[in-house]
Each structure stands twice: as C-alpha cells, then as structure tokens.
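Residue 1809 in the numbering used here sits at position 812 of the sequence shown; the count goes up by one each step and never skips.
Built from N, CA and C at the ideal position, the CB exists for glycine as well.
The structure displayed is predicted, hence computed values, not measured ones.
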Amino acid sequence: MMMETEAKAAVRFDADAVRIGETPQVLLCASLFYFRIPRALWRERMEQLKAFGYNSIDVYFPWNYHERAEGEWDFSGERDIAAFLTEAAEAGLYVVARPGPYICSEWDGGALPAYLLTKGVKLRDNEAGFLGYVSKWFDQVLPLIKQQQAGEGGTVIGVQLDNELDFYDCHDPKGYISALRDMALSHGITVPLFACAGQGGLLQASGLADNVVPSCNFYPDNRDAEFEQKVLHYGQALSKLGYPLLVTETNRAHYLLRRLLSCGAKLLGPYLQVSGTDFGFTNATNNWGKPLAFMTSDYDFGGMISPEGHIREEAYDGRLLGRMIAAYGAALAQALPETEVSSAWAITGDRQGIAGPFSLQLSGGGSLLFVTNLDERDKQIILSAADEAKTPAQNGFTLRAGRSLALPFEVPLSLWGMEGVLQSSTAELYYAEQSASGASLAFHTDGSGEIVIRMNEPKSVNAVHAASAWSDGKLTIRFDGLEAGCCSIVDADGAAFKLLITDRMKALYMEGVTEDGSVIEGQPLVYSDQLEEAASEWSLSGFQATSLLALQAEDSRLTLDSADYLEEADIFRGFAGYEASVALMKGELVQGYLIKQGSDVISLYADGQYAGTAVSGGGSAYLPLVHTLQEGKLHARVEIWGHSNFDDARLPGLRLHARKGLRGIAAITEVRDLSGNWRVYRAAERSLRKELIEGQDDSLWPIISFGGWMSPDHPAFEYYRRTFRAAESANSWTLHFKGLQSLARLFVDGKDVGAIHPFDPFVDISEHVTAGEDVVLTVFVERVLGLPSGRVYVYEGIEAVDWTLQGAEEAELLAHAKSSRAGAAIMQLPVALEPGETAWLHASTVNSEAGAGWRAKVTGTGLKLTVFLGGRIVGRLWLAGGESRPVLTGGSPDSFYLPGAWYEAGKGELTILLEAVDREQQGRLDAITFMSV
C-alpha cells in the first residue's frame, strides 16, 4: 500500500525512496534533544551536525517536561518547541518529530506524567481513559509540529507515534496506534506517520494500522556476521507493504550505518550522536543493571558530539559517509538492494571474516558493492565479477580491520555531468563537486589499487603520483596509496574532470576542494584537558539529616492513614520525607528495619540514628541495626531518581506503571532462620494439587533443608512444608527467600499468597498471620537442577504508624540551602562526612575564558551529590562505595557539565547537597576539578 496523504504531498515514504518535494533523499539523521541542551546552544549543535554530514535530526517531545503538574503547561524558555523547530528549519535540517506519548529515551517515566499512575488507566493501550489524557497532550504539541511541517514552511518530514511498542504488553496495538493516528490527522498533520519496532515486531509495534509506516530500530553487535541478512529480511517485508526501509534508531558507529545503507535503508538514524544532560529530576531508572540501573545525569553513549559540544573522532566518519551519500545523490536515494549476498561477485584472498559483497543497484544504472571487514586485522582481498567477460578481475586491495567500503561498479559518469562509465574502483568514491572548470571526484584508499573508466579516447591525461594507461576503450589509473594522487582528464569532447586519490585520513579531515580541483586538507579539532581554577570561596554547612524539608510550611506536611506511594500525595519528582513512630515494649531490642516496597533511594533514621540507605527497586529491603529504640521516631528521606522508562517484570520498580516511595516500615524484633526442617513431597507434574497444599498428612514426608531434596527430575516439582509459631508481641511478618533461583509459589495455612520472585524475594504475610498462633507454610517449587534454593528467614516486628509526608523539589531544596549558608564554615576540599550525615557545599564559580562553561570531575567515595548551578540542577551523582550503590549507566557517573550559557555576567553559584550513604565508612569528597569547554 502507498502512504496516503493530502493531495499535495510535501513528503512521501515510497517503497523505493523517501521523497521530499519530489526529490529523493537518503536521510542521515541524528538525535538532537532540546530538553538536554541549553537553548542558547541549540543552533550550535545543529550547525555542527550539518558540518559533519547530517541532513536530518530526530527529536522527542517529552510530555512530562511540558506538563509539570496536571493541566499546567509550559512551552516557554528552555521548553520552547516552536523556537527549536524554527531553528532547525533555518539551519536547513529535516526533522523527524517524536511526540510519544511515550518516548523511552531513558527519560523519567518515558515522558508519561507520573500523575497518570494514580488514575487507574491502562498505559499505552487502546483504552479510553488513557487516550483521553493523551489527547490533551496532543492538543498542545501537535499544533506546534503542524506549524513547522514540510509544506507549511517548516522542515518536519515525519511524525512518530509512540515508541517501540513491541517491547510493551499492549493488548491492541492496531487500535492504539490507529487512535494516535486519528488524533494526528485531526490536528492537520499531513506528513507521513510511522511507528518504530524495537525488537523487530512490526505488527506488535504498529498494528499495521492503515497509513502508518512501520520502521525498524536495530541495536546489534556492530560486527554481527549475519546482520545484513536480518536487515534485508525486514526490507523485503516492508517493500511488500509498499514502504521503504526506515531505520529510526541504531548504533552510532558509521561502520554500521554503511552496512545498513548496503541493505537499502532510506533513513539512517543513529541514536544519540549529540549527547546531552538530564538536568533537574529528569533521569530515569531502568533495566540496564542487575537488573536495576540508575541513569546518570550525563547522557552520553559516546556519540560524535559530547554533552558540552566537543567534536569526537566518530564525527569525521559521519562527514565521510554524508559526503559519499551526497556524491551519488538521487541515484543512491532510489537504489534497491539485492536480497542476499551478491551471486554476481566473488571475494577471494583472505576472505575469512568478510561480510559481502552486498550490491546496491543505483537508479539510472550501476551499483555500489559493499564489503565489510568484521575482523580485528587487515585483509588483502580480491573482488571480481563471476562473469569475467563483463567485468575483468580486479587487482587485490587492502580492507582495514573494522572497515566497510562502498565500491562503485558500472556507474554512469553522467551523474556528474560527464561522458563515460566508472567501470570499477578499489577506492571508495566519497566526494563529488561540479564547477565551471569541470567535475572533481575524490576517492580514498588504504593501499594500492586502481580505477577503471570506460570512455572514448581522452584528449589528454595527466597523472601525478599515479600511473595511467589507455587500452581498448578503457582508462586505467593505478596508484600505490603512499602519496596523494591526482589524474586530470580531458575527454574527447574537451570536457575536463579530475580524479583525486588520498588515503583515508586525509579524506576524513578534508575541508573541501578548490576551484582548480585541489584538496583542502584539514586537521581534527583538539580540546584542552588542562585543569583550571573555576570555583572559590568554598564553605560547608552541615545540617540534621531529618531537617531537609523542615523549612516548609506546616500545612505542606500531609497526614497519612498509612504509608503510601508519593504519587498519591501529588509528589512526582525530587525528595520526600516520611515520618512515623513505632511503639515497642520498654527496653525491647530492635534487630533492624524492614522497608516495604521502597524506591528509589531511601535513607532511614531511627531516633536520629542512621540505619542505612536502601535501593530495592520497588521491592523490600532489610537494614540491620541492633539498638534500643527510645522515642520510636522514624524518618525516611526518599529520592525519586526517576520513574522507569521501560517495562520489565523482574522488579516491581522497573514496571512502567511503578510508583515511588514506600508502603511501610517495620521495626524487626526477631529474625528467625526457617531454612531447616522442611517436609518435602516429590511431585510428578507442574499442576498444583489441592490436597498437598491444604494439609494432607505429611508425617511420612522426608524432613530436609529447604530446596535440599536430591532428585533425578529436571525440572523437579516439589512441595515443601513447615510450621512456625508467630510471636505474640509482633504485628508484622515478612518471609525472605534469600538466594532463591527457582520458580516458587507460597501458601499460608492453605491460602494462595502468590509467586515468590527471585529478584524481589520478600513476601509480606502479615494479613494471613495471627500473633501467638502456628503458621503453616507450603511452597511449591519448580526447581532447575544446579541452581540454588537459598535460605528462608522470617522477619517479625512492629509496623510503624502515625505517618506524615512532605515533598521537596528544586525550589524547596535551594531554600533550605540558603537558610543554612549563614552558618557555613569556610573550608577547602577534601571534606568527610560520617555515615548518614548531610551537608550543603557552597562555592562561587566563574565562566571559562571562552564563555562555554566547564566539565567538572568529582573524586571521592560513599557520597551522593545533587549539584545546582544557580537555580538549576545540573547533575546528580553517586560516587563509588557502599553496597547500596546501584549500577549507574548512560554516561559519566562522576562528572557534571556547567553550561557557560547559564552563567550570569560570567558568574555563578555552585550549591551541592552532600549525602553520606555508605553505612560502613565515611563519605569523602576529595576534589572537584574543572576543565574548560
């Protein structure tokens, strides 16, 4: 089917090409996210991309960035979408717009506002309640996109609906995507709509809804030997539907982009070529860890432009690829791939670890043959036609390790306004320019080789650092690759053109070609790594850890009937403080504290004493602390690091609908090991048997440790049963199946309590237990041989009551910092805090000499830092140290960026919240060093 749009289609996604104003285009498209880059730098990043070969950008629009609270919209200042799209149009960049509603992007909640988690709606599905909220967002954002779409004066050429829906358990993808499509059309969106598949599920991602183009995201090993075959499969499937192959996301290596181009991809979308920063409380949590991970504020996957705007080496490969795509123009934009490794060509020589050749048939004649070295060493290979009468065998050439080349064969020189045919080349043509004095074609090579042109006998040939020979209607230019070569040719009609041959390094850094056809050589950009003094007047003000939210008005403290998630109290980001009390018998010893269903970061204090910091991913956590609780006062300082941007069932906190905070705390008075003396029954099948759960006589069942029955079965199906007497003074009981790596289901006194989750092995059984009475536990285990069953504990204690709650975002935190500064002590780093202590660190900072700001690197251990420049959070860091520290991923975990654009009159105030979160040792901040941007 063809993409149906309005009668006057400014953009078409046809099976053979993407056409913009009837001009076929290959879109080399880089992610550029306005919400991660200061507004003052938007245009600079756009110009950088254009200078390094890219003609397009893709951009998400995060719903929760613009709706900070329900019904409160902000599209001003740093959030000005219209200004961003206008700048893109002025910069001459096409825009792929991605308004969600869900965007992923390692962003807080995938951009879904956290208030949705309290509405009882089914996220990302064809459900009226959810779609009603989406329509309010689309009512705001789609008119801004419409104003800038192609055909109405802007450069938006496509709009994506949702994002990688095939990773999510959407029950009705066709209905859901169709509903989003209808909203887009009702707002006047006339450019093509598309939906991307994250794991290859075209149907699951798009529903194959009418007038919505399915696209593909690929994140392979860059050297996957079978990658092209996979991509070609999707290309064929999409072609049958009448659509082009659009790769909306992939890895950043241009080596891989070449492999995608060989398969006929019309959009090449490496994700995050322009890095950035998650300012404020916009980070996400996700499953990139074990499985839990916290995304760093530094959002940098090693793309070609760093968060502070430094050009990296990969950018030069981008420019080389962009020039090559531009050199072939429409012929390449409309090229079609063969459906498998080309049978018309053969590779001989050292061909082990070589992918290809893959042939891309150019529109108008000729082809590009792609050969890729997957190995770690250079190869000498020969590429020859199976029909030698058609094209003679070629000389061998060098294919460097990890290199992919696109070599021209039988390409008409009319592409560049000349007579003849570029019959073959062992060097890649990467640049073409036409001028009044004739055309210049630039090639790069890694060694000796040849270029063969079929043409009428030329009037003259002048070769420098190359050798030319005319024979049988062919001009052969041979080169050794040691020096830059040039061959000036005047054809039989008197038209002049030049062939320029350089090594790859010169091609990477070439700035252009002069009027007379000479290469303008360039050099890579180099940045200083010299450390400079950027901050002074350091001072430190310690404060009682439980007082972080104390400055707020008393009416901002909520009284709760019981502990509940923060979103239920309209706390969606930042910090919060729970307070509660525990009533113990006088002199009763506490063994520790059990935090129930807690996330993200919970630092607990009992009568002011630090019990520890828990990061349990929405599950429960036990903090041992043997002491006598006098006043019975508990304080839990909670930080929402970020809502999950993914949906992963392995941990409660990794679900897309997961909420933050906690559901209770129990003071544990006894920890009992229940690992021994379980009775076991060996079953023959997986089906649950009621009589084995509800109390069949077990007197003849063997007594062993939990999970300890030696069985020849694989898997083994076993029932384990034991009894314990509940303490009379307790009202909270939680089982902990520590180290369990089997599928298991728990029954208490015959009642089904549910599955036991290996990643969250705590099960609260309080509602099923009566103090002072026996409790019968039955566990049905499906055990894989060789995997441990772990140990079983029960935590008995007293539930905390009398709950109150307060929240704090940037403004409240800064107010606290300001109030504490009057008593700050002048100091110099290093600084040390005892476990659980908190402090504000203050400094004055000046902008760099170039006015571009600083990259600041932090060294220390056991500290969590929230860093403000002026009134903005520019980084949240967690230094190494302590068992509670989660996996931090996505960028640098120990540095932050101070944008020069956010200094006022060259000056700024640095304010850092320090939290010592390693219970075993001091938190230390040894140094903060600065490098100018």
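Test item: CB-CB of residue i and residue j under 7 Å
i            : j            : result
residue 1586 : residue 1284 : no
residue 1300 : residue 1257 : no
residue 1494 : residue 1424 : no
residue 1595 : residue 1757 : no
residue 1910 : residue 1863 : yes
residue 1241 : residue 1204 : no
residue 1282 : residue 1638 : yes
residue 1851 : residue 1895 : yes
residue 1335 : residue 1356 : yes
residue 1673 : residue 1736 : no
residue 1333 : residue 1261 : yes
Residue i versus residue j - alpha carbon distance
i            : j            : result
residue 1561 : residue 1063 : 27 Å
residue 1002 : residue 1187 : Reliability of the predicted coordinates at residue 1002 is poor, the pLDDT of 38 falling under 50, and the value obtained from them is presented with this limitation in mind. C-alpha separation (whole angstroms): 6 Å.
residue 1390 : residue 1485 : Its pLDDT being 48, under 50, residue 1390 is placed unreliably in this model, and the coordinates cannot settle the point.
residue 1708 : residue 1599 : 42 Å
residue 1860 : residue 1914 : 6 Å
residue 1036 : residue 1431 : 37 Å
residue 998  : residue 1329 : Only weak support is given to the placement of residue 998: the predicted model assigns it a pLDDT of 32, under 50, and the question is left unresolved by the model.
residue 1543 : residue 1801 : 13 Å
residue 1382 : residue 1446 : 17 Å
residue 1728 : residue 1589 : 15 Å
residue 1464 : residue 1482 : 9 Å
residue 1854 : residue 1902 : 24 Å
residue 1870 : residue 1252 : 36 Å
residue 1934 : residue 1347 : The question about residue 1934 has no answer here: the residues shown for the chain are numbered 998 through 1930.
residue 1704 : residue 1795 : 30 Å
residue 1929 : residue 1272 : 17 Å
residue 1000 : residue 1145 : The predicted position of residue 1000 is uncertain, since its pLDDT is 37 and thus under 50; a value taken from the coordinates is nonetheless stated next. Spanning the two alpha carbons is a distance of roughly 20 Å.
residue 1781 : residue 1739 : 7 Å
residue 1349 : residue 1401 : 15 Å
residue 1696 : residue 1755 : 30 Å
residue 1876 : residue 1920 : 9 Å
residue 1518 : residue 1829 : 52 Å
residue 1627 : residue 1602 : 13 Å
residue 1918 : residue 1105 : 31 Å
residue 1630 : residue 1655 : 28 Å
Which residues DSSP lists as bridging residue i, in chain order
i            : result
residue 1538 : 1837
residue 1732 : 1760, 1791
residue 1933 : Given a span of 998 to 1930 for the chain in the structure shown, any question on residue 1933 remains unanswerable.
residue 1471 : 1451, 1468
residue 1380 : 1344
residue 1509 : 1517
residue 1022 : 1015
residue 1675 : 1701
residue 1598 : 1636
Quiz item: Touching or not, the segment 1159-1166 and the segment 1205-1213, by the rule of three or more beta carbon pairs under 8 Å?
Solution: no
Quiz prompt | Segment contact, 8 Å Cβ cut-off, at least three pairs: the segment 1144-1151 with the segment 1074-1091 | solution = yes
Quiz item: When the Cβ atoms of the segment 1298-1313 are set against those of the segment 1393-1407, are three or more pairs found closer than 8 Å?
Solution: no
Quiz item: With a cut-off of 8 Å, do at least 3 Cβ pairs link the segment 1832-1850 to the segment 1811-1822?
Solution: yes
Practice problem: Kindly provide the ranges of any alpha helix (DSSP H) runs that are 4 or more residues long and lie completely inside the segment 1211-1251, ordered along the chain. | Solution: 1224-1237
Practice problem: Entirely within the segment 1624-1673 and at least 4 residues each: give me those alpha helix (DSSP H) ranges in chain order. | Solution: none
Exercise. Would you check if the segment 1262-1279 and the segment 1020-1036 touch, i.e. whether three or more CB-CB distances between them fall below 8 Å?
Key: yes
Quiz item: Between the segment 1637-1652 and the segment 1766-1776, do at least 3 Cβ pairs fall closer than 8 Å?
Solution: no
Self-check item: beta strand (DSSP E) runs contained entirely in the segment 1130-1206, provided each spans 3 or more residues
Solution: 1153-1157, 1190-1194
Self-check item: Inter-stretch contact (C-beta, 8 Å, three-pair minimum) for the segment 1072-1079 and the segment 1525-1538
Solution: no
Quiz item: Does the segment 1501-1508 touch the segment 1309-1321, meaning 3 or more C-beta pairs lie closer than 8 Å?
Solution: yes
Quiz item: Do the segment 1239-1247 and the segment 1259-1266 make contact, defined as three or more Cβ pairs closer than 8 Å?
Solution: yes
Practice problem: Spell out a yes or no on whether the segment 1287-1296 and the segment 1877-1890 are touching, meaning 3 or more CB-CB pairs, one atom from each, closer than 8 Å. | Solution: yes
Quiz item: Does the pairing of the segment 1462-1476 with the segment 1393-1401 give three or more beta-carbon distances under 8 Å?
Solution: no
Quiz prompt | Stretch pair the segment 1558-1573 + the segment 1802-1810: three plus CB contacts closer than 8 Å | solution = yes
Practice problem: Indicate whether the contact test is met: 3 or more Cβ pairs, each with one atom in the segment 1100-1115 and one in the segment 1052-1068, closer than 8 Å. | Solution: yes
Practice problem: Answer yes if the segment 1013-1022 comes into contact with the segment 1191-1207, meaning at least three C-beta pairs across the two stretches below 8 Å, and no otherwise. | Solution: no
Quiz item: Which runs of the beta strand (DSSP E) fall wholly inside the segment 1822-1903 and span at least 3 residues, in chain order?
Solution: 1828-1830, 1835-1843, 1850-1858, 1860-1866, 1869-1875, 1884-1886, 1892-1896
Self-check item: Ranges of the alpha helix (DSSP H) found wholly within the segment 1021-1089, counting only runs of at least 4
Solution: 1039-1048, 1060-1063, 1078-1088
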